[in-house]
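Have a look at the structure below, then the notes.
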Amino acid sequence: MKRFYFGLLVMVIVFLSACQSSEQLEPIKEETIDFDKKTALEMVEKKEKMIIDIALREKATRLEYKEIEKSFTKEFGGHAKTILSILFTNNMDSDPESDMDVAQHMLYPTVFHKGITITDAVIYKSYFENEFFNQTRLSIKEEYIGDDEKLKDWNREYFFTPNKNGEWELNGFSGVMNFLGEDYNMNYLELQR
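This is how it looks when you write it as structure tokens:
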């Protein structure tokens, strides 16, 4: 019985030590820096131009798809497959060499659509005692500011982190990526000219 209590005591001490060490990961300093909205718009346009160019098509050959996949991987990194799965219809019964169908009943809002705009661009920095844990993240938020009730309160946020060369790389998303259903297509919102 004494061994049981001794083992329990050791487990409690280890648990409390782990809790205490997590408290040490609190940043010693945090700062928020406004990021140039024009530059943010250019960054988002580069990505969303690729998306809209695909979304406005009906099909892509397998050879075209492989090229698209390469360019999306270069631009979106590990998120390329997720975005391509939104843009293309996956028909498991089709011939592996047949053309790929682009999703027709889907709206992926972009800054090229009327009512979609960049509303915020901010760099967040966190500093820790151990510099290894320092973090820098760029957040670019786009929102729908029009009158369509179905899109009211729509937003998407891009997160970027600097790579080894100091260039911003896409790290993730939050918000609603796209809308699906009979009511939607890429021309649901008028394109800006």
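Just so we're aligned: the sequence shown equals residues -23 to -1, 1 to 170 in mature numbering (1 follows the signal peptide of the UniProt record, and there is no 0). In this text, a Cβ means the ideal position worked out from N, Cα and C, and glycines have one as well. This one's a predicted model, so the numbers in the text were calculated from it and none came from an experiment.
TODO: Give the straight-line distance between the Cα atoms of V79 and I31, rounded to the nearest whole angstrom.
DONE: Each residue's Cα considered, the two are about 7 Å apart.
TODO: Taking all protein chains shown into account, decide if L166 is buried (16 or more other Cβ within 10 angstroms of its Cβ) or exposed.
DONE: In the assembly as shown, L166 is a buried residue. Its beta-carbon has 16 or more other beta-carbons within 10 Å.
Task: Distance between F109 and P86 (C-alpha atoms, nearest Å) - done: Taking the straight line from one Cα to the other gives about 37 Å.
Task: Candidates Y121, E126, E134 and G123: closest to L115 by CA position - done: Comparing Cα-Cα distances from L115 to each of Y121, E126, E134 and G123, the minimum goes to E134.
Task: Backbone secondary structure at Y135 - three-state DSSP - done: Correct three-state label for Y135: strand.
Open item on the list: In the DSSP assignment, the beta strand (DSSP E) including E119 goes from what residue to what residue?
Closed with: Segment Q112 to Y121, the beta strand (DSSP E) holding E119.
Open item on the list: Just to confirm my understanding: we take L157, look at its own chain, exclude 5 residues before and 5 after, and list those with CB closer than 7 Å. What are they?
Closed with: Within the same chain, L157 has close Cβ partners H82 and M83.
Task: Cβ distance (whole Å) where A57 is taken to contact E41 below 8 Å - done: Taking C-beta atoms under 8 Å as the contact rule, A57 and E41 fail to qualify, at a distance of about 15 Å.
TODO: Give the straight-line distance between the Cα atoms of F65 and R34, rounded to the nearest whole angstrom.
DONE: C-alpha separation (whole angstroms): 10 Å.
Open item on the list: Within the continuous beta strand (DSSP E) that includes M27, where are the two ends?
Closed with: Premise fails: M27 lies in the alpha helix (DSSP H), K14 to A32, not in any beta strand (DSSP E).
Task: C-beta atoms of D76 and K36 nearer than 8 Å - done: Yes, the pair counts as a contact, with Cβ atoms nearer than the cut-off.
Open item on the list: According to DSSP, simplified to helix, strand and coil, what is H82?
Closed with: Here H82 sits in coil by DSSP.
Open item on the list: Are the CB atoms of V88 and T96 within a distance shorter than 8 Å?
Closed with: Not closer than 8 Å, so no.
Open item on the list: Which same chain residues end up closer than 7 Å to T113 when comparing Cβ atoms and leaving out the 5 residues on each side of it in sequence?
Closed with: Same-chain partners within the cutoff: I100, K102, T138 and P139.
TODO: Run the proximity test for G123: is its beta-carbon closer than 7 Å to any non-hydrogen atom belonging to the ligand FMN?
DONE: The ligand FMN is absent from the structure shown, which contains no ligand whatsoever.
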